[in-house]
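Residue numbers (the numbering used here): 26 to 220. Every residue, glycine too, gets a C-beta built ideally from N, C-alpha and C. For reference, the structure discussed in these notes is given below.
Right under this line is the structure:
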């Protein structure tokens, strides 16, 4: 206030700090197998996974490259949970029997592109720059499988950490079909010697 004059209202949005290190792009179905007369883009989806120990508020997180989508205020993803965005809401629900969280604008490139998720301040949370060429799994390029991360704890920017799903059309909203199973350790007893 300056004398009898008031300034215009100031509006501020505060984002509490969160650990987004466990939030990963976990599955991409960028080139679904469809009949020649069907637009394969209608079957695309992206899956996020929260591998952290706490629920995450996704308010105003944005896919800024590849596709376009901004999460609405109040979006929460529980630990150990999945969230699926689809290119076509109705087609996804008809195909998988469950609705996606929402539909995004744009489409995933069949030849590969960068998919980037940023927070409300523009800080990159996750970035996957996939292609349809080896060493990326080529079976995910129009043969039916999706592209799945072998473990949500691995670096998803590396092609060697991705495989083509063993299930046609992938596993949106569920554990990936290619999850790496840890090899149990082997034990050799050298002492005492057998009698």
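Query	Result
Assigned exposure category for residue 125 - 16 Cβ within 10 Å defines buried	buried
Contact check, residue 201 vs residue 50, beta carbons under 7 Å	no
Three-state secondary structure assigned by DSSP to residue 163	helix
Sheet register partners of residue 88 (DSSP bridge)	94, 142
Collapsed DSSP secondary structure at residue 101 in the structure displayed	strand
Reduced DSSP category for residue 186 - H, G, I as helix; E, B as strand; rest coil	helix
Span separating the alpha-carbon of residue 140 from that of residue 103	22 Å
Three CB pairs or more closer than 8 Å across the segment 73–81 and the segment 180–195	no
Nearest neighbour of residue 127, chosen from 133, 63, 118 [CA to CA]	118
Proximity to residue 108 [Cα-Cα], best of 81, 130, 93	81
Bounding residues of the alpha helix (DSSP H) (the contiguous stretch that carries residue 120)	114–121
Residue 49: first and last residue of the uninterrupted beta strand (DSSP E) it sits in	48–54
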